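The listed protein sequences derive, respectively, from chains A and B.
Residue numbering for the first sequence follows the working numbering, beginning at 7 and increasing consecutively.
Residue numbering for the second sequence follows the working numbering, beginning at 9 and increasing consecutively.
Shown next, in structure tokens, is the structure this report addresses.
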Amino acid sequence: MPYCPECGVELEQFIKICPLCYSKSVNEKPSNIRNYPVLETDEEDIKDKKSRQKLRRLFFDIINLLAILSIISIILTELFVNHNIYSSRYAVTSIIYSWICISSLLAFFKAPYVAGSIIVPISAVFLALLDFFSGKMEWFFILGLPILGVIAFLYILTEIIIKVLHLRGLYVACIILLSISVFCCTANLFISKYLYDIFYIDWSLIVMVGVIPLIIILIFIQRRISNEIRMNKIFHI
Amino acid sequence: MKKTDILNKNKIEKNRYWYKLDNAARVFPAILSKRYTSMFRLAVIMKSPVRIAALQFALENIMERFPYFKVKLKKGLFWNYLETNTKAPEVYRELKNPCMEVPGKNSNKYLFFIRAYNNRISCEFSHILTDGYGALMFLKALSAEYLKATGVKIEDYGDIFRTDSLPHAEEYEDGFKRYFTEKVPAPKESCKAFHLPFNLFPKGIYKVITGLVSTEDILKKATKYKASLTEFLLSVYINSFQILFHNLSSEEKKHCKEILRILVPVNLRKLYETRSMRNFFLTVSPELDLRLGKYTFDEIIKKMHHSIKIEVDSKHINQQISKNIKREINPFIRIIPLVLKNPVLSFLFMLKGNNPFTSSFSNLGNIVLPDLFYRYIERFDFIPPPGPAAKVNLSAVSFNNVLSLSLGRVIDEPVIEQLFFRQLAGMGINVKIHANIGYWENLNALLS
């Protein structure tokens, strides 16, 4: 009777290939049917997790130190040179904004929506402050807030599309590129409205013309890759 | 009740022209498609080649004994219903891919198909009509009548329905409505479970691998782990999904849920007294939460053993029956036309019938027949229905110390079958593998 040397099962007579693993059959029952591998315990996983946590904490501490030192040095420099700290407001605000963004991403890296719900309002406050520092609120409501809104909306939409359609590999890159080109179009519209008081697209067309062929190429490559990968290469069973 | 009253009631039932669908069957017409045919197969493998003429004769003879199966599906204004089919049933030729023929609505097609191939008589039933128990009783009666038609003299029928007996009134009843308790809260909802991250075959392809093992060997192994046969096989099955999950790339894992939940149908006739030949089953769903870590086989067996013991309980089952019946008898739901109900039923099935489950395992149990039948019947096979969400399903049936385990899949990768049977072989259990006729299509490069 034919047997599968890998699976250890008996096959139907005259069958040359095992239907489970597609290996060639042998005529004798394999003597060493290995005991199916027991899953490794969690100790290695826990060790890996702890070391990753330590690394994140270390990185967070470095960021904190850098931010504090930068702010102190900027303020002190301004104090000694210009005898006031008012001119350092842009730099200090930018450092604080960057620190909040990086800390949110580090703290909530497993929950991107939570990080996003902190970063988006903080970004709005940052842009408003930048506009406020210039003397009067000129561009925040007409330009800053709408563009920020478009970024947040496109980010959420991209995430939803990737999840619902179960996109993987280069398809994800295609969706991201598409979102970037849509963002460029909307930014172009808002900027042209702000500057020339009309809705007009110019430079974003060049972006789209460059992005669309790239998307097509990526889709083609991904389809070729998907067709060639076989499960046994991934599992090594 | 007087004997004459029972006979009169049976006569009335026998002459009925139409039947309502039972509670479990109501959703199936809304989701019927080439992806979800609702067909499952029960087959008997004889010791000699099947004679088609004798089988056709036997089939025509037994239909009067099963009038509730002699029906076709019709569309009503508010619900689908079953109408008596006057067309004679036929024996069909075997298909390359089992369980792939969709029973038609508003056509003269029966909701079951009898197929013959070499030594095998297969009955494919739609869940619109009945469950595994009903199909089994039909197949037993057909086998007995077939043997009679080939000249075998049968004296002892055991629990097999005889063609000269009248169907009991209880055989027509909807067991769910009989045991429905009104003031019982609904059970907790389950969250979405892990689904295999593989692409589906084109429609119409269903690959089945059947493994034959000695029932005695499996029972010995199960006893060693202090579990029943169902609990042991369920543990091996769910462990296959666990091993697969931990071998996925981190990118693939990101898109997958980390809960394995297997649907296990339970024959309610063992808990509630009824002779109903319609659907009368509910499901229990033991699960493994992979976020808690990797489970050893001993841990899995313990969890499956206790989950099943807790869930197969009349109070827990009552909750499910009550929830399902309340929806059916709700007056607001009843007056919605079928054309509007169908898309909603289809969506709810996807949400609550498909999403919360990784796969299913159906064990029909050990089939016992009178002694004479063992001379002519080699074994039984039971193939689960295909489904687009639970892309692989397992079913089991045992006869004469041969346990037949069938894994049906609608994806290309036979990973779960490989993991499942390798585990059994690795435990020292001898497994013999068969594949369906259509299995080797599109694998010509491998075969050459």
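For glycine and all other residues, C-beta sits at the position ideal for the given N, C-alpha and C.
This one's a predicted model, so the numbers in the text were calculated from it and none came from an experiment.
- Chain-ordered, the chain A residues with CB closer than 8 Å to the CB of phenylalanine 429 (chain B) read Cys13, Val15, Leu26.
- A Cβ of chain B is located within less than 8 Å of the beta carbon of glutamate 18 (chain A).
- The segment 335–346 of chain B and the segment 293–301 of chain B do not touch, with fewer than three beta-carbon pairs separated by less than 8 Å.
- Closer than 8 Å to the CB of arginine 58 (chain A) there is not a single CB belonging to chain B.
- For cysteine 131 (chain B), DSSP records a beta bridge to B:Leu50, B:Ile122.
- In this structure the segment 391–405 of chain B lies against the segment 107–118 of chain B, because at least three pairs of beta carbons, one per stretch, are closer than 8 Å.
- Pairing phenylalanine 429 (chain B) with leucine 40 (chain B), the inter-Cα distance amounts to about 31 Å.
- One finds nothing in chain B with a Cβ atom closer than 8 Å to the Cβ of arginine 229 (chain A); even the nearest lies about 12 Å away.
- If you draw a 10 Å sphere on the C-beta of methionine 7 (chain A), you find fewer than 16 other C-beta atoms in it, and that means exposed.
- Contacts with chain B (Cβ-Cβ distance below 7 Å) from the segment 166–179 of chain A involve His172, Arg174, listed in chain order.
- Contacts with chain A at 8 Å (Cβ-Cβ) do not include proline 106 (chain B).
- Its chain contains Arg342, Ile343, Ile344, Pro345, Leu346, Lys349 as the residues whose beta carbon lies nearer than 8 Å to that of phenylalanine 86 (chain B), once the 5 sequence neighbours on both sides are disregarded; these appear in chain order.
- With fewer than three CB-CB distances shorter than 8 Å, the segment 174–192 of chain B does not count as touching the segment 148–155 of chain B.
- Within the same chain, Cβ atoms closer than 6 Å to the Cβ of valine 213 (chain A) are found at Ser187, Cys190, the five residues on either side in sequence being excluded.
- One Cα belongs to isoleucine 424 (chain B), the other to serine 248 (chain B), and the distance between them is close to 6 Å.
- Runs of alpha helix (DSSP H) with 4 or more residues, each lying fully within the segment 63–88 of chain B, are absent.
- In this chain, valine 160 (chain B) is not harboured by any beta strand (DSSP E), its DSSP state being neither H nor E.
- Per DSSP, phenylalanine 205 (chain A) lies in no beta strand (DSSP E) segment and is marked neither H nor E.
- Interface flag for isoleucine 441 (chain B) against chain A is set, since a Cβ pair is found closer than 8 Å.
- In the DSSP annotation of this structure, the continuous segment of the alpha helix (DSSP H) that includes asparagine 326 (chain B) starts and ends at 322–337.
- A distance below 7 Å between beta-carbons, with the five flanking residues on each side excluded, links tyrosine 245 (chain B) to the following residues of its chain, in chain order: Ile270, Phe369, Leu402, Phe428.
- DSSP places serine 293 (chain B) outside both helix and strand once states are collapsed to three, so it counts as coil.
- Residues of chain A with a Cβ closer than 8 Å to the Cβ of asparagine 438 (chain B) are, in chain order, Glu16.
- DSSP, read as helix, strand or coil, puts glutamate 165 (chain A) in helix.
- In terms of Cβ geometry, leucine 290 (chain B) and alanine 143 (chain B) do not form a close pair [threshold 8 Å].
- Below 8 Å, enough C-beta pairs join the segment 131–150 of chain B and the segment 63–76 of chain B to call them touching: three or more.
- By the rule that beta-carbons nearer than 8 Å mark a contact, glutamate 449 (chain B) does not touch chain A.
- The three-state reading of DSSP puts tyrosine 9 (chain A) in strand, counting E and B together.
- For glutamate 425 (chain B), the C-beta contacts it makes with chain A under 9 Å involve Pro25, Leu26, in order along the chain.
- Beta-bridge analysis with DSSP links isoleucine 227 (chain A) to no other residue.
- DSSP assignment within the segment 105–154 of chain A yields the following whole alpha helix (DSSP H) runs of 4 residues or more, N-terminal first: 118–139.
- The beta carbon of arginine 335 (chain B) is closer than 7 Å to those of Ile341 in its chain, skipping five residues each way along the sequence.
- According to the DSSP assignment, histidine 254 (chain B) belongs to the alpha helix (DSSP H) that extends over 237–255.
- The beta carbon of alanine 121 (chain A) is closer than 6 Å to those of Ser110, Leu111, Phe114 in its chain, skipping five residues each way along the sequence.
- Residue B:Phe48 holds the alpha-carbon nearest to the alpha-carbon of phenylalanine 121 (chain B) among B:Phe48, B:Lys28, B:Gln328, B:Phe188.
- Residue state for alanine 443 (chain B) is assigned as strand, using DSSP reduced to three classes.
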